[in-house]
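Engineer: For reference, each letter of the sequence shown is one residue, going -30 to -1, 1 to 237 in mature numbering (1 follows the signal peptide of the UniProt record, and there is no 0).
Where is the CB? At the ideal position from N, CA and C, for every residue including glycine.
Bear in mind the structure is a predicted one, so any value in this text is a computation, not a measurement.
I have a structure I would like to understand better, so I am pasting it below and will then ask my questions one at a time.
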Amino acid sequence: MPKSELMPMKLLVMGLCLSLSSGMASQALAFDTQSGVSRESGPFDLFKFGFFSYKEGRKGDAVEAYRYAAEKGHTGSRWALANMYADGDGVPENDLEAFKIYSEIAQAGVEPGSEDTGYFANALIALAGYYRRGIADSPVKIDLSQARQLYFQAASAFGIPEAQFQLGRMMLSGEGGSVSVHQAKKWLNRARNNGHAGAMGLFGNIIFQEGDAARGLAFMTAALDHCPPKDCAWLQSTQEEAFSVASEEDRRKGVALAKNIRSNAGE
């Protein structure tokens, strides 16, 4: 599946995981009794060992540890294992297996304030991506309505900018439901206020098309200042196309306004 949708959330959760590995000895051996961790160890110890092993490039040990921890119900290990299958990272790429594990996480739910909230929200976004595109030669078919519903859950309940962005895109194009420019703008506006460059650029393009040329150009220009590599090409193309048809006055105003966009997120 496209990994770009998952990356922001993965980075967030992996950042939380960094502290978990701090207690592992740097000289830890392979996954055997000499390392002090075995299949009989507790799920959290297995998870820490798996995470540390992954950082050290011992992905086979990481997969083994994550599997044992996942069997004992550890959500973070399920999430990590699903990511590895989705990315073909340390194991053969298998989107169907990743889908199954993400589904297990989503079906288990999460308690308010739980430490598993990040894993749960990430699983929702991953599943939405799979339903949006389907998985070839598998029972998982394209279901845009389900994808839109999952993005809505992640966007509304957890405020995930990527989910807000993808939901806005679907509402704008009518994927999985009716077209609603008004609702699309609302979700894109939330995402861009949360720092999502793609949402900022798309929001700017919408209001540019609606006649607010200078402000639209400002958002599209500002988006280019902090876009991730995956979004820079289409954002630049959109911005250049708008600039080519804008008046000289609107171009000047747009460039001037763009300088203040980041410090005035509610503008």
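State whether the stretch 86 to 101 contacts the stretch 118 to 132, with contact taken as three or more CB pairs (one from each stretch) at a distance under 8 angstroms.
Structural biologist: A contact exists between the stretch 86 to 101 and the stretch 118 to 132.
Engineer: Give the straight-line distance between the Cα atoms of residue 202 and residue 10, rounded to the nearest whole angstrom.
Structural biologist: Cα to Cα, residue 202 sits roughly 47 angstroms from residue 10.
Engineer: Could you spell out the range, first to last residue, of the alpha helix (DSSP H) harbouring residue 152?
Structural biologist: Element bounds for residue 152: 151 to 163.
Engineer: Is the CB-CB distance between residue 138 and residue 119 below 9 angstroms?
Structural biologist: No.
Engineer: Along the alpha helix (DSSP H) that carries residue 63, what are the first and last residues, could you check?
Structural biologist: Where residue 63 is concerned, there is no enclosing alpha helix (DSSP H), given that its DSSP letter is neither H nor E.
Engineer: Please report how far the alpha carbon of residue -6 lies from the alpha carbon of residue 72, in whole angstroms.
Structural biologist: Because residue -6 sits at a pLDDT of 38, beneath the cut-off of 50, its placement in the model cannot be relied upon, and the point is left open.
Engineer: For residue 79, which residues in the same chain have their Cβ closer than 8 angstroms to its Cβ, ignoring the five residues on either side in sequence?
Structural biologist: Excluding sequence neighbours, residue 79 sits near 90.
Engineer: Kindly indicate the opening and closing residues of the alpha helix (DSSP H) around residue 28.
Structural biologist: Here residue 28 belongs to no alpha helix (DSSP H), and DSSP marks it neither H nor E.
Engineer: State the DSSP-derived secondary structure class of residue -14, mapped to helix, strand or coil.
Structural biologist: Residue confidence for residue -14 is low, a pLDDT of 48 falling below 50, so the modelled location carries little weight; the figure read from the coordinates is stated next. Residue state, collapsed to three classes: helix.
Engineer: Could you say which of 42, 43 and 66 lies nearest to residue 52 if we only look at CA atoms?
Structural biologist: The shortest Cα separation from residue 52 among 42, 43 and 66 belongs to 66.
Engineer: May I have a chain-ordered list of the alpha helix (DSSP H) segments no shorter than 4 residues that lie completely inside the stretch 17 to 55?
Structural biologist: For the stretch 17 to 55, whole alpha helix (DSSP H) runs of length 4 or above, ordered along the chain, are 29 to 41.
Engineer: Tell me where the alpha helix (DSSP H) around residue 229 begins and ends.
Structural biologist: Element bounds for residue 229: 218 to 231.
Engineer: Going by Cα to Cα distance, which pick from 205, 181 and 200 is closest to residue 192?
Structural biologist: When each option's Cα is compared against that of residue 192, the closest is 205.
Engineer: Which residues in the same chain have their Cβ closer than 8 angstroms to the Cβ of residue 112, if we skip the five residues on either side of it in sequence?
Structural biologist: Answer for residue 112: 101, 102, 103 and 104, listed in chain order.
Engineer: Who are the Cβ neighbours of residue 172 in its own chain at under 6 angstroms, not counting the five residues just before and after it?
Structural biologist: Counting only Cβ-Cβ distances below 6 angstroms, and skipping sequence neighbours, we find 158.
Engineer: Ends of the alpha helix (DSSP H) at residue 169?
Structural biologist: First-last of the alpha helix (DSSP H) with residue 169: 167 to 179.
Engineer: Where does residue 111 sit, in a helix, a strand or coil, going by DSSP?
Structural biologist: Residue 111: coil per DSSP, three-state reduction.
Engineer: Does DSSP put residue 85 in a helix, in a strand, or in coil?
Structural biologist: Reduced to three states, the DSSP call for residue 85 is coil.
Engineer: Closest to residue 114 by CA distance: which of 133, 140 and 124 is it?
Structural biologist: When each option's Cα is compared against that of residue 114, the closest is 140.
Engineer: Mind checking which residues open and close the alpha helix (DSSP H) that includes residue 182?
Structural biologist: Where residue 182 is concerned, there is no enclosing alpha helix (DSSP H), given that its DSSP letter is neither H nor E.
Engineer: What are the boundary residues of the alpha helix (DSSP H) that includes residue 203?
Structural biologist: Residue 203 -> alpha helix (DSSP H) spans 199 to 215.
Engineer: Can you list, in chain order, the residues of its chain with a C-beta nearer than 7 angstroms to that of residue 75? Leave out the 5 residues immediately preceding and following it.
Structural biologist: 45, 48, 49, 89, 90 and 93, listed in sequence order.
Engineer: If you compare alpha carbons, which of 224, 33 and 41 is closest to residue 62?
Structural biologist: Residue 33 is the option with its Cα nearest to residue 62.
Engineer: Assuming residue 7 contacts residue 17 under a Cβ cut-off of 8 angstroms, what Cβ separation, rounded to an integer in Å, is found between them?
Structural biologist: About 10 angstroms separates the two Cβ atoms, so there is no contact after all.
Engineer: By how many angstroms is the C-alpha of residue 209 removed from the C-alpha of residue 37?
Structural biologist: Spanning the two alpha carbons is a distance of roughly 46 angstroms.
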